[in-house]
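> Numbering (the numbering used here), first residue to last: 5 to 223.
Even for Gly, the Cβ is constructed at its ideal location relative to N, Cα and C.
Here's a structure for you.
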Ligand SMILES: Cc1cc2nc3c(=O)[nH]c(=O)nc-3n(C[C@H](O)[C@H](O)[C@H](O)COP(=O)(O)O)c2cc1C
């Protein structure tokens, strides 16, 4: 009889503990999930700010008078941009005339995977500027593609399909005109190829890209 009573007490205690543990586990999971969502939100926000800051670096400010961030266009899908996804580009205008387009492109063959780029091209097919928006290249080797580490990427400004022959769109080691890095040829090779392809893309679609009716003036 007394054995039964103590068994019951133990069972009740165990059940209480289990319920407490379950509640504690649930609350912890909610807190962890909540802070993960908050962090993700912050990361996405920081990414957006960085993208926008980079976007505004591409075309010199004195050359356009529209809000580039509010002038997006849907880009025709093409392998030349390194993805089959529908991408969004941006138009810079002066006196309502399109003067340049900013195209996102992906170099799929970086040393550590994809390198994401923003490529500004003037209406005459000349490169305004190229910037890297995302990469995973090795610090000290492949990361010289960003402007906070080196000026390497500034060399593209002014280059075009007209003033640079097809064979020259390579790193010097491969017979082209673009510098590679000491001990790191794969990263610059991937970027040069992607920039060259983006210019070919512009050559193919420029009429469509620069057409006025393409622009979606965002609210
Ligand atoms: C740990 C490690 C990391 C490397 N990271 C890069 C990199 O980020 N970018 C790059 O171009 N090469 C990197 N390299 C060097 C490449 O393996 C390769 O040797 C170099 O790019 C020269 O390529 P090439 O033989 O085609 O000229 C790395 C090598 C090692 C061992």
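Note down the Cα distance separating residue 11 from residue 27, rounded to an integer number of angstroms.
For the purposes of this step, residue 11 is identified with residue 7 of the chain shown, where counting begins at 1. For the purposes of this step, residue 27 is identified with residue 23 of the chain shown, where counting begins at 1. Spanning the two alpha carbons is a distance of roughly 24 Å.
> Name the two residues that bound the continuous beta strand (DSSP E) containing residue 130.
Residue numbering aside, residue 130 sits at position 126 when the chain shown is read from its first letter. Neither: residue 130 is in no beta strand (DSSP E) and is coded neither H nor E.
> Could you say which of 125, 111, 164 and 33 lies nearest to residue 104 if we only look at CA atoms?
As a first step, residue 104 is located in the chain shown; it is residue number 100 there, counting from the start. Among 125, 111, 164 and 33, the Cα nearest to that of residue 104 is on 125.
> For residue 188, verify whether its CB is less than 7 Å away from any heavy atom of ligand 1.
Position 184 of the chain shown, counted from the start, is the residue given in the question as residue 188. Yes.
> Is the separation between the beta-carbon of residue 121 and that of residue 111 shorter than 8 Å?
Sequence index remark: in the chain shown, residue 121 carries index 117 (1-based). Sequence index remark: in the chain shown, residue 111 carries index 107 (1-based). Yes.
> In the segment 58 to 137, which residue ranges form an unbroken beta strand (DSSP E) of at least 3 residues, counting only runs that do not cross its ends?
Complete beta strand (DSSP E) runs here, min 3: 75 to 78, 92 to 98, 101 to 114 and 117 to 126.
> If you measure between the beta carbons of residue 109 and residue 146, is that distance less than 8 Å?
Locating residue 109 in the chain shown gives position 105, where the first residue counts as 1. Locating residue 146 in the chain shown gives position 142, where the first residue counts as 1. The answer is no: Cβ separation not under 8 Å.
> Nearest CA to the CA of residue 161: which residue from 169, 129 and 192?
Position 157 of the chain shown holds residue 161. Of the candidates 169, 129 and 192, the one whose C-alpha sits nearest the C-alpha of residue 161 is 129.
> Checking the sheet assignment: what are the DSSP bridge partners for residue 175?
For the purposes of this step, residue 175 is identified with residue 171 of the chain shown, where counting begins at 1. According to DSSP, residue 175 bridges with 182.
> Using three-state DSSP, classify residue 223 as helix, strand or coil.
Along the chain shown, read from residue 1 onward, the residue named residue 223 stands at position 219. Note that residue 223 scores a pLDDT of 41, beneath 50, so its modelled location is shaky; the value from the coordinates is reported in the next line. Of the three classes helix, strand and coil, the one that applies to residue 223 here is coil, per DSSP.
> Do residue 102 and residue 127 have their C-beta atoms closer together than 8 Å?
Numbered from 1 along the chain shown, position 98 holds the residue referred to as residue 102. Numbered from 1 along the chain shown, position 123 holds the residue referred to as residue 127. A contact, by the Cβ cut-off of 8 Å.
> Rank 40, 190, 75 and 163 by C-alpha distance to the C-alpha of residue 181 and give the top, closest one.
Counting from 1 along the chain shown, the entry for residue 181 is found at position 177. Minimum Cα distance to residue 181 is reached at 163.
> Less than 8 Å between the C-beta atoms of residue 77 and residue 213, yes or no?
The count along the chain shown starts at 1 and reaches residue 77 at position 73. The count along the chain shown starts at 1 and reaches residue 213 at position 209. Yes, the Cβ-Cβ distance between residue 77 and residue 213 is below 8 Å.
> What span of residues does the alpha helix (DSSP H) with residue 142 cover, start to end?
By one-based count along the chain shown, residue 142 stands at place 138. Run containing residue 142: none; DSSP gives neither H nor E here.
> Measure the CB-CB distance between residue 157 and residue 136 and report whether it falls below 8 Å.
The residue given as residue 157 occupies position 153 in the chain shown. The residue given as residue 136 occupies position 132 in the chain shown. In contact: residue 157 and residue 136 (Cβ atoms closer than 8 Å).
> Would you call the CB atoms of residue 60 and residue 72 closer than 8 Å?
The count along the chain shown starts at 1 and reaches residue 60 at position 56. The count along the chain shown starts at 1 and reaches residue 72 at position 68. Yes.
> On the premise that residue 79 lies in contact with residue 106, defined as a C-beta separation below 8 Å, what is that separation, rounded to the nearest angstrom?
What you label residue 106 is simply residue 102 of the chain shown in a count that begins at 1. What you label residue 79 is simply residue 75 of the chain shown in a count that begins at 1. Between residue 79 and residue 106 the Cβ distance is about 10 Å, and since that is not below 8 Å, they are no contact.
> To the nearest angstrom, how far is it from the Cα of residue 178 to the Cα of residue 143?
Residue numbering aside, residue 178 sits at position 174 when the chain shown is read from its first letter. Residue numbering aside, residue 143 sits at position 139 when the chain shown is read from its first letter. Cα to Cα, the separation comes out at about 23 Å.
> From which residue to which residue does the alpha helix (DSSP H) around residue 211 run?
One-based indexing of the chain shown puts residue 211 at position 207. Residue 211 -> alpha helix (DSSP H) spans 190 to 214.
> Any heavy atom of ligand 1 closer than 7 Å to the beta-carbon of residue 177?
As a position in the chain shown, residue 177 is number 173, starting the count at 1. Correct: residue 177 has its Cβ closer than 7 Å to ligand 1.
> Return the residue from the list 66, 44, 93 and 25 that minimises the CA-CA distance to residue 205.
Start at 1 with the first residue of the chain shown, and residue 205 comes out as number 201. Out of 66, 44, 93 and 25, 93 has the C-alpha closest to the C-alpha of residue 205.
> What's the gap between the Cα of residue 154 and the Cα of residue 45?
Within the chain shown, residue 154 is the residue found at index 150, counting from 1. Within the chain shown, residue 45 is the residue found at index 41, counting from 1. Between residue 154 and residue 45, the C-alpha separation is close to 30 Å.
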